[in-house]
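K.L.:
2 protein chains.
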Amino acid sequence: MTSAPPSAGQVALLPARAPRGPGRPKDQRKRAAIVAAATGLFMERGYAEVTMEAVAAAARVSKMTVYGHFRDKAALFGAVVRGVSDQMTAALTGLPPAGAETDLETRLTAVGTALLGMILSPRVVAMSHALMGMLMKDRALAAAFYEAGPGNVRAVLARYLADAAAQGLLRLDAPQAAADDLLGLWEGDWPKRIALALVPAPSAGEIEARARRAVRVFLRAYRAA
Amino acid sequence: MTSAPPSAGQVALLPARAPRGPGRPKDQRKRAAIVAAATGLFMERGYAEVTMEAVAAAARVSKMTVYGHFRDKAALFGAVVRGVSDQMTAALTGLPPAGAETDLETRLTAVGTALLGMILSPRVVAMSHALMGMLMKDRALAAAFYEAGPGNVRAVLARYLADAAAQGLLRLDAPQAAADDLLGLWEGDWPKRIALALVPAPSAGEIEARARRAVRVFLRAYRAA
DNA sequence: CATATATTGGACGCGCTCGTATAGGAAACA
DNA sequence: TGTTTCCTATACGAGCGCGTCCAATATATG
Chain A
1 MTSAPPSAGQ VALLPARAPR GPGRPKDQRK RAAIVAAATG LFMERGYAEV TMEAVAAAAR
61 VSKMTVYGHF RDKAALFGAV VRGVSDQMTA ALTGLPPAGA ETDLETRLTA VGTALLGMIL
121 SPRVVAMSHA LMGMLMKDRA LAAAFYEAGP GNVRAVLARY LADAAAQGLL RLDAPQAAAD
181 DLLGLWEGDW PKRIALALVP APSAGEIEAR ARRAVRVFLR AYRAA
Chain B
1001 MTSAPPSAGQ VALLPARAPR GPGRPKDQRK RAAIVAAATG LFMERGYAEV TMEAVAAAAR
1061 VSKMTVYGHF RDKAALFGAV VRGVSDQMTA ALTGLPPAGA ETDLETRLTA VGTALLGMIL
1121 SPRVVAMSHA LMGMLMKDRA LAAAFYEAGP GNVRAVLARY LADAAAQGLL RLDAPQAAAD
1181 DLLGLWEGDW PKRIALALVP APSAGEIEAR ARRAVRVFLR AYRAA
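First to last, the sequence lines map onto chains A and B.
Heads up, the first sequence is in the numbering used here, so the first residue is 1 and it goes up one at a time.
Heads up, the second sequence is in the numbering used here, so the first residue is 1001 and it goes up one at a time.
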């Protein structure tokens, strides 16, 4: 097949085993460089359009080194997915200023601004699209990624809203559904339009304006009476 | 390149010129069969994963006939995009029961149910994803498709909401933005989860329930006081 | 009927990419 | 120092899909 669906074999983790053998150990920085280069390329071109030679060149490494670290293209892609998932979770856990000292509208706007700042970057949009393209062929990996990525965002946001409801700031039946609604309002069809390059990359100001507007609409529907 | 980005050359329209030359004219039914087969295949597999031979076989036609109707793979894809766009517009123009005799909530729920019934079909989800994959490489074609597809949906819905506002049923500043909100609430991240096969194809009941819930939230935010 | 074009089926060249093989040099252990 | 393993560079086999060529046949027009 010209561009086979990656079954994305077992991902080789970075700190797997200590270099306990004799002889020269594998250079983990080269490995990181390979993953970084592959991530960038997969992000902006998609799986099929990226050749292993291009990855090697971008990582300034011999192609054989790439195959030394990863059995095949699918395994490399698996490592990329893993890395992106980890990045997503890490980026989000630090975000929400859980304190209730400031206005809920202000806090939600801040969260939305940060989130959209990540999600609406053209590179990230392109990547998540390419990513989904491959994940659609591997349900197990897809589930793992969704849990670590979008699913985690949903869960964190749902907890956040549930807390606010517990404090009497919101009136909502299902936090999960409300989180869905807020995310839907935040995103709209901007990802589509950005992916198709119908609009330029949104500025920080535009992003904050969109986050704020969506929060206002959301609160009109969910604010406690 | 193994799977080149389709620049999607000029699309050959169906009723272009009458068969005014001497000799045997091209069989337009074969052409239609080719486009239909290609649409189905591109929908469920994506551009790179579909071979011209597969298209020919699915259309029960010789490969040479395919190349007789379309210069190359990109041109065939362009025809597919064109056809899908036309289908979308056609399907939507007949939808909204513009009469104001029934409840606005009921009417919007009906529109949303019909829309989601189209959009959330796993085949359509997969197709729109594959479609975007190629369109991301051809801005002109992307714009044309967006205008005919999602953009048109937005525009129609915005007009619909503006009408309702003119009748005093809604209170909204920007119909376009409100339409965005409603669409965002309708979709949520269901397309993502369906694309990744994390949830089975939604039943008609689930679709209507989702449409109704989203409309209720929307109206809480936008209903006239 | 004569003519021009469409369609078929098979075969094939071309270019591309994956993944492997090989050999020499580099770097980390003991 | 010696040994083991890694890294590089290059070449190469194998497979695959695009697009073309060809000879034979079918089907429309004038």
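From the three backbone atoms N, C-alpha and C, an ideal C-beta is built for every residue, glycine too.
Where DSSP assigns a beta bridge to A/R223, which residues make up the other side?
P.N.:
Its beta-bridge partners are A/L170.
K.L.:
From B/A1140 to A/L198, what distance separates their C-alpha atoms?
P.N.:
Whole-angstrom Cα-Cα distance: 9 Å.
K.L.:
Leaving aside the five residues before and after B/G1117 along the sequence, list all residues of the same chain whose C-beta is less than 8 Å from its C-beta, in chain order.
P.N.:
For B/G1117, where only same-chain residues beyond five positions count, the Cβ hits under 8 Å are A1204, I1207.
K.L.:
B/A1038 to A/R31, Cα distance in whole Å?
P.N.:
About 41 Å.
K.L.:
Would you kindly work out how many angstroms separate the C-alpha atoms of A/V226 and B/R1216, rounded to a whole number?
P.N.:
Residue 226 of chain A lies beyond the range of chain A shown here (1 to 225); nothing can be said about it.
K.L.:
Using CA coordinates, which residue listed in A/A179, A/L135, A/A59, A/Q167 is at the minimum distance from A/A33?
P.N.:
Taking only the C-alpha atoms, the option nearest A/A33 is A/A59.
K.L.:
Could you check what DSSP says for B/V1199 in three-state terms: helix, strand or coil?
P.N.:
Note: B/V1199 maps to coil in three-state DSSP.
K.L.:
Any C-beta of chain B sitting closer than 7 Å to the C-beta of A/R210?
P.N.:
No, its Cβ sits nowhere closer than 7 Å to a Cβ of chain B.
K.L.:
Between A/G168, A/K192, A/A177, which has its C-alpha nearest A/L104's C-alpha?
P.N.:
Of the candidates A/G168, A/K192, A/A177, the one whose C-alpha sits nearest the C-alpha of A/L104 is A/G168.
K.L.:
Please go through the same chain and pick out, in chain order, the residues whose beta-carbon is closer than 7 Å to the beta-carbon of B/A1130, but skip the five residues on each side of it.
P.N.:
Taken in chain order, the residues that qualify are F1042, M1043, G1046, Y1047.
K.L.:
In whole angstroms, give me the CA-to-CA distance for A/Y222 and A/D189.
P.N.:
Cα to Cα, A/Y222 sits roughly 22 Å from A/D189.
K.L.:
By how many angstroms is the C-alpha of A/K63 removed from the C-alpha of A/A57?
P.N.:
Approximately 8 Å between the Cα atoms of the pair.
K.L.:
Can you give me the C-alpha to C-alpha distance between B/V1035 and B/A1074, rounded to a whole angstrom?
P.N.:
Near 12 Å, if we compare the C-alpha coordinates of B/A1074 and B/V1035.
K.L.:
Is there a Cβ from chain B that is less than 7 Å from the Cβ of A/Y146?
P.N.:
Yes, contact with chain B.
K.L.:
Roughly how far, in whole angstroms, is the beta-carbon of B/A1179 from the beta-carbon of B/L1161, given that I think they are within contact range, below 8 Å?
P.N.:
The pair is a contact, with the Cβ atoms about 6 Å apart (cut-off 8 Å).
K.L.:
Taking only beta-carbon atoms, is A/L131 less than 7 Å away from chain B?
P.N.:
Not an interface residue.
K.L.:
Could you check what DSSP says for B/S1128 in three-state terms: helix, strand or coil?
P.N.:
Three-state DSSP puts B/S1128 in a helix.
K.L.:
Taking 7 Å as the CB-CB cut-off, is B/L1198 touching chain A?
P.N.:
Yes, contact with chain A.
K.L.:
Leaving out the 5 sequence neighbours to the left and right, which residues in its chain are closer than 6 Å to B/A1201 when beta-carbon positions are compared?
P.N.:
Within the same chain, B/A1201 has close Cβ partners P1122.
K.L.:
At the level of alpha carbons, what is the spacing between B/V1061 and B/L1135?
P.N.:
Cα to Cα, B/V1061 sits roughly 27 Å from B/L1135.
K.L.:
Please classify B/L1014 as buried or exposed, where buried requires at least 16 neighbouring CB atoms within 10 angstroms.
P.N.:
Its pLDDT being 44, under 50, B/L1014 is placed unreliably by the model, and nothing is read from it.
K.L.:
Taking 7 Å as the cut-off, decide whether the C-beta atoms of B/L1170 and B/A1164 are in contact.
P.N.:
A contact, by the Cβ cut-off of 7 Å.
K.L.:
Cβ atoms of B/T1113 and B/N1152: under 7 Å apart, would you say?
P.N.:
No, Cβ-Cβ distance for B/N1152 and B/T1113 is not below 7 Å.
K.L.:
Measure the alpha-carbon distance for A/E147 versus B/R1082 and round it to whole angstroms.
P.N.:
Going by the C-alpha atoms only, they are around 36 Å apart.
K.L.:
Tell me, please, whether the CB atom of A/V11 is closer than 7 Å to any CB atom in chain B?
P.N.:
Residue placement at A/V11 cannot be trusted, given a pLDDT of 40 that sits under 50; the coordinates are not used to answer.
K.L.:
On the DSSP letters alone, give me the boundaries of the alpha helix (DSSP H) that A/G112 sits inside.
P.N.:
Where A/G112 is concerned, the enclosing alpha helix (DSSP H) stretches over 104-119.
K.L.:
When burial is assigned at 16 or more other CB atoms within 10 Å of the CB, is B/K1026 buried or exposed?
P.N.:
Exposed, because fewer than 16 other Cβ atoms sit within 10 Å of the Cβ of B/K1026.
K.L.:
What three-state label does DSSP hand B/F1070 in the structure shown?
P.N.:
DSSP places B/F1070 in coil when its eight states are reduced to three.
K.L.:
Please check if any C-beta of chain B sits within less than 7 Å of the C-beta of A/L185.
P.N.:
Yes, contact with chain B.
K.L.:
So which residues of chain A does B/R1159 contact, with C-beta pairs closer than 8 Å?
P.N.:
Correct list: empty, because the minimum Cβ distance to chain A is about 17 Å.
K.L.:
Return helix, strand or coil for A/A59, following the three-state DSSP convention.
P.N.:
Coil at A/A59, not helix or strand.
K.L.:
Leaving out five residues before and five after B/R1193 in sequence, what residues of the same chain have Cβ atoms less than 8 Å from its Cβ?
P.N.:
If we look at B/R1193 and ignore the five residues flanking it on each side, its Cβ neighbours are V1199.
K.L.:
How would you list, in chain order, the residues of chain A whose beta-carbon sits under 7 Å from the beta-carbon of B/L1135?
P.N.:
Neighbours of B/L1135 on chain A, chain order: L196.
K.L.:
At 9 Å on the CB atoms, spell out the chain A contacts of B/A1126, in chain order.
P.N.:
Neighbours of B/A1126 on chain A, chain order: M136.
K.L.:
Taking the alpha-carbon of B/R1029 as reference, which of B/P1022, B/T1065, B/M1052, B/G1040 has the nearest alpha-carbon?
P.N.:
Considering only alpha carbons, the answer is B/T1065.
K.L.:
Am I right that B/G1149 and A/G184 are in contact with their C-beta atoms under 8 Å? What's the rounded C-beta distance?
P.N.:
So it is not a contact: roughly 19 Å between Cβ atoms.
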